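Residue numbers (this note's numbering): 39 to 448. Backbone N, C-alpha and C define an ideal beta-carbon position, used for all residues, glycine too. Note that the structure is a prediction, hence the values are computed from the model and not measured.
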Amino acid sequence: MRILFLIFIAALWLPHELLSQSYSGSAYNIYGFGTLQTPTLSAFSGLGNTAVGVRSPVNVNITNPAATNAVQGYSHQFDMDGYFSVLKQSDKDSEGTAYLGGLQGMNFWFRTSARNAMTVGVKSFSRTNYSATDGNNFSPDIGNYSVLYQGTGGVSQFYTAFGHELFKSFHVGVRYNFMFGNLNDTQILLGNSYLDSAVVDVTEYVRKSYLEVGAQYELTPGWLSFGKVVVGVTYKPVTQINTRIRELVLYNSDSLLSEDEGSLVIPESFGYGVSFSWKRMMLAADMKLSKWDEVRDVSTIERYVDQQGYSLGFEILPKYNSQRYFDRVDYRFGVSLSNYYLKIKGTSFMESSVNVGLGLPVKYGAGVINLGYQYHLLGTTKNNLIREVTNTITLGFSIRESWFRKPLNY
39 MRILFLIFIA
49 ALWLPHELLS
59 QSYSGSAYNI
69 YGFGTLQTPT
79 LSAFSGLGNT
89 AVGVRSPVNV
99 NITNPAATNA
109 VQGYSHQFDM
119 DGYFSVLKQS
129 DKDSEGTAYL
139 GGLQGMNFWF
149 RTSARNAMTV
159 GVKSFSRTNY
169 SATDGNNFSP
179 DIGNYSVLYQ
189 GTGGVSQFYT
199 AFGHELFKSF
209 HVGVRYNFMF
219 GNLNDTQILL
229 GNSYLDSAVV
239 DVTEYVRKSY
249 LEVGAQYELT
259 PGWLSFGKVV
269 VGVTYKPVTQ
279 INTRIRELVL
289 YNSDSLLSED
299 EGSLVIPESF
309 GYGVSFSWKR
319 MMLAADMKLS
329 KWDEVRDVST
339 IERYVDQQGY
349 SLGFEILPKY
359 NSQRYFDRVD
369 YRFGVSLSNY
379 YLKIKGTSFM
389 ESSVNVGLGL
399 PVKYGAGVIN
409 LGYQYHLLGT
419 TKNNLIREVT
429 NTITLGFSIR
439 ESWFRKPLNY
């Protein structure tokens with residue numbers, strides 16, 4: 039009888055039909071992979087994550103592997119990024135605030151030859167932390183009850199990329215990614231004499247590797263004096279992820295454990311970008327498409343839809359040899375706009391951001407402090423959904439060195 043009762047509790051683990059404010063992360067972390075993170079370092083976040091067609095001589099570009107060999111003047115570089123966010127959520131009836139922060143990733147870049155370079159790092163792929171309560175549940179067998187939803191874990195990715203100049207001005211690259219992490223969903227049933235404090239804990243274990251490729255071509259048209267144009271493309275094939283699901287039901291001193299196999303899909307993705315550099319200024323634009331609509335393994339509450347995004351970045355490059363400190367600062371501005379990759383309860387919505395950033399040099403470029411700010415909008419209050427406004431400060435450190443170079447004596 040106890041086993042049957044535990045099975046009944048497990049059957050109450052329903053798709054999340056109602057969205058309420060979360061106090062430990064985005065309310066949309068409860069769906070799919072959670073909120074997806076853009077694969078860029080903090081130097082490019084100030085450009086609105088515009089990077090597909092950018093070849094920076096000082097900042098490592100991990101969005102397009104073909105740009106891995108673009109950094110000049112150094113033999114290796116180490117980057118570490120962190121963030122602090124104030125997340126404000128609102129629905130038609132109330133508002134709430136959450137404070138978030140942590141390490142975003144680390145990266146080590148090194149040159150292997152005059153035409154080649156590599157980079158190795160680890161970065162967040164998605165965030166799944168959330169905490170929300172749904173008090174509007176009813177079962178004809180037990181009556182009314184509330185559910186506390188809690189999400190923990192997330193998916194990270196280890197990566198290594200290689201960039202090579204195939205022939206003059208044409209660069210190609212490949213990046214190997216290994217995804218790892220756990221998507222944990224805990225539901226605690228409350229407010230019912232039969233089920234009070236019953237717990238359903240579901241963990242999905244994610245492990246998968248996949249490849250991405252990219253290319254960039256540099257042009258120096260006559261009409262752009264003292265400048266250049268770079269066009270870039272990236273491609274990521276569809277990837278099927280076989281996962282392992284562990285479900286644990288706890289009630290009083292009884293427990294029921296079951297394991298099963300699951301699957302997740304990373305969709306086929308394309309990126310297109312172009313940048314114009316003239317003297318100390320750089321203007322870049324990206325368009326990215328992810329074919330989420332081909333992913334069918336979701337509940338009836340949400341549905342994947344193709345995600346199409348646009349971004350624009352503008353940068354004022356430093357005067358590296360100037361004696362004035364603020365002439366050696368890197369100034370960055372960016373905007374981005376895309377639809378969200380899920381349609382929830384039949385409702386589509388957008389996400390957008392405005393970004394600014396500074397690259398503050400240390401010891402004439404041997405180190406850089408990358409400071410950025412992002413104003414991010416996600417969601418809507420339509421159909422009982424949540425609108426989120428996030429103010430984020432990013433802080434990154436870059437340490438650059440040159441080995442095996444003989445100093446000149448005068």
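Practice prompt. Would you tell me roughly how many angstroms separate the C-alpha atoms of Thr78 and Arg149, rounded to the nearest one?
Written response: In the sequence shown, the residue the question calls residue 78 occupies position 40. In the sequence shown, the residue the question calls residue 149 occupies position 111. Approximately 19 Å, taken between the alpha carbons.
Discussion item. Please give me, in chain order, every unbroken run of the alpha helix (DSSP H) with length at least 4 that falls completely inside the stretch 75–141.
Written reply: Here the runs fully enclosed are 80–83.
Worksheet item: What are the residues that DSSP puts in a beta bridge with Ile354?
Response: Looking up residue 354 in the sequence shown gives position 316. Looking at the DSSP output, Ile354 sits in a beta bridge with Met319 and Tyr369.
Worksheet item: Less than 7 Å separating the beta-carbons of Gly143 and Leu433?
Response: Numbered from 1 along the sequence shown, position 105 holds the residue referred to as residue 143. Numbered from 1 along the sequence shown, position 395 holds the residue referred to as residue 433. Taking 7 Å as the Cβ cut-off, Gly143 and Leu433 do not qualify as a contacting pair.
Worksheet entry | Rounded C-alpha distance that separates Thr430 from Lys274 | As a working note, residue 430 is residue 392 in the sequence shown. As a working note, residue 274 is residue 236 in the sequence shown. Each residue's Cα considered, the two are about 28 Å apart.
Worksheet item: Helix, strand or coil for Tyr232 per DSSP?
Response: Within the sequence shown, the letter at position 194 stands for residue 232. Coil, per DSSP.
Worksheet entry | Test item: CB-CB of Val193 and Gly219 under 7 Å | The residue given as residue 193 occupies position 155 in the sequence shown. The residue given as residue 219 occupies position 181 in the sequence shown. Gly219 sits close to Val193, with the two beta carbons spaced by under 7 Å.
Fill in: Within 7 Å, strictly: CB atoms of Ile106 and Ala199
As a working note, residue 106 is residue 68 in the sequence shown. As a working note, residue 199 is residue 161 in the sequence shown. Looking at the sequence shown, residue 106 is not Ile but Thr. Cβ atoms of Thr106 and Ala199: closer than 7 Å.
Worksheet item: For Gly270, is the classification buried or exposed, using 16 other Cβ atoms within 10 angstroms of its Cβ as the cut-off for buried?
Response: Sequence index remark: in the sequence shown, residue 270 carries index 232 (1-based). It counts as buried.
Fill in: Limits of the beta strand (DSSP E) - the one that Thr428 falls within
As a position in the sequence shown, residue 428 is number 390, starting the count at 1. Arg425 to Glu439 is the extent of the beta strand (DSSP E) around Thr428.
Fill in: Extent of the continuous beta strand (DSSP E) to which Gly410 belongs
The count along the sequence shown starts at 1 and reaches residue 410 at position 372. It spans Gly405 to Gly417 - the beta strand (DSSP E) in which Gly410 sits, taken as one unbroken run.
Discussion item. Buried or exposed, going by whether 16 or more other CB atoms sit within 10 Å of the CB of Tyr183?
Written reply: Counting from 1 along the sequence shown, the entry for residue 183 is found at position 145. Counting the other CB atoms within 10 Å of its CB gives Tyr183 a total of 16 or more, which places it among the buried residues.
Practice prompt. Quick one: residues in its chain with C-beta nearer than 7 Å to the C-beta of Leu138, no 5 flanking neighbours on either side, listed in chain order?
Written response: The sequence position of residue 138 within the sequence shown is 100, counting from 1. Once the five neighbours on either side are set aside, the close Cβ partners of Leu138 are Gly63, Ser123 and Leu125.
Worksheet item: What does a CB cutoff of less than 6 Å around Asn222 pick up in its chain, not counting 5 residues either side in sequence?
Response: Translated into positions along the sequence shown, residue 222 becomes position 184. Excluding sequence neighbours, Asn222 sits near Thr190, Gly191 and Thr241.
Worksheet item: Would DSSP call Asp239 helix, strand or coil?
Response: On the sequence shown, residue 239 is found 201 positions in, with the first residue counted as 1. Strand.
Item to complete: Measure the C-alpha to C-alpha separation of Val406 and Val373 and round it to an integer number of angstroms.
Response: As a working note, residue 406 is residue 368 in the sequence shown. As a working note, residue 373 is residue 335 in the sequence shown. The straight-line gap from Cα to Cα measures roughly 23 Å.
Discussion item. Taking contact to mean 3 or more Cβ pairs, one atom from each stretch, closer than 8 Å, check whether the stretch 387–394 and the stretch 413–423 are in contact.
Written reply: Yes, the stretch 387–394 touches the stretch 413–423.
Worksheet item: Does the stretch 253–267 touch the stretch 204–214, meaning 3 or more C-beta pairs lie closer than 8 Å?
Response: yes
Worksheet item: What residues are listed by DSSP as bridge partners for Arg165?
Response: Numbered from 1 along the sequence shown, position 127 holds the residue referred to as residue 165. According to DSSP, Arg165 bridges with Thr73 and Gly192.
Fill in: Rounded Cβ spacing between Val303 and Ile279 (contact assumed at less than 8 Å)
In the sequence shown, residue 303 corresponds to position 265, counting from 1. In the sequence shown, residue 279 corresponds to position 241, counting from 1. Indeed, because the Cβ distance is near 7 Å, the residues count as touching under 8 Å.
Worksheet item: Just how far apart, CA to CA, sit Ser80 and Gly309?
Response: Position 42 of the sequence shown, counted from the first residue, corresponds to residue 80. Position 271 of the sequence shown, counted from the first residue, corresponds to residue 309. Answer to the nearest angstrom: the Cα atoms are 19 Å apart.
Worksheet item: Looking only at C-alpha atoms, which of Arg366, Asp331, Asn174 and Lys161 sits nearest to Val96?
Response: Here residue 96 refers to the residue found at position 58 when the sequence shown is read from its first residue. Cα-wise, what sits closest to Val96 is Arg366.
Discussion item. Please list the terminal residues of the continuous beta strand (DSSP E) segment that includes Pro399.
Written reply: Counting from 1 along the sequence shown, the entry for residue 399 is found at position 361. It spans Met388 to Val400 - the beta strand (DSSP E) in which Pro399 sits, taken as one unbroken run.
Worksheet item: In whole angstroms, what separates the C-alpha of Arg165 from that of Met217?
Response: The residue labelled residue 165 in the question sits at position 127 within the sequence shown. The residue labelled residue 217 in the question sits at position 179 within the sequence shown. The straight-line gap from Cα to Cα measures roughly 13 Å.
Fill in: Per-residue DSSP class, three states only, for Lys420
As a first step, residue 420 must be located in the sequence shown, where it is residue number 382. In this structure, Lys420 counts as helix in the three-state DSSP scheme.
Discussion item. Quick check: the Cα distance between Pro53 and Val312, rounded to an integer number of angstroms?
Written reply: Residue mapping note: residue 53 aligns to position 15 of the sequence shown, counting from 1. Residue mapping note: residue 312 aligns to position 274 of the sequence shown, counting from 1. Confidence in Pro53 is poor, its pLDDT being 44 and thus under 50, which makes the residue's placement too unreliable to answer from.
Worksheet item: If you drop the 5 nearest sequence neighbours on each side, which residues of the same chain put their C-beta closer than 6 Å to that of Leu74?
Response: Locating residue 74 in the sequence shown gives position 36, where the first residue counts as 1. So the list reads Ser164, once near-sequence residues are dropped.
Worksheet entry | Cβ-based burial, Gly457 [other Cβ within 10 Å; buried from 16] | There is simply no residue 457 to check, as the chain begins at 39 and stops at 448 in what is shown.
Discussion item. Taking DSSP's pairing of strands, which residues face Glu332 in a bridge?
Written reply: By 1-based counting over the sequence shown, the position of residue 332 is 294. DSSP, once it has assigned bridges, lists no residue as partnering Glu332.
Worksheet item: Helix, strand or coil: which one does DSSP assign to Tyr510?
Response: Outside the shown range of the chain (39 to 448) lies residue 510, about which nothing can therefore be said.
Practice prompt. Please report the residue range of the beta strand (DSSP E) in which Ser301 lies.
Written response: Translated into positions along the sequence shown, residue 301 becomes position 263. Segment Asp292 to Ile304, the beta strand (DSSP E) holding Ser301.
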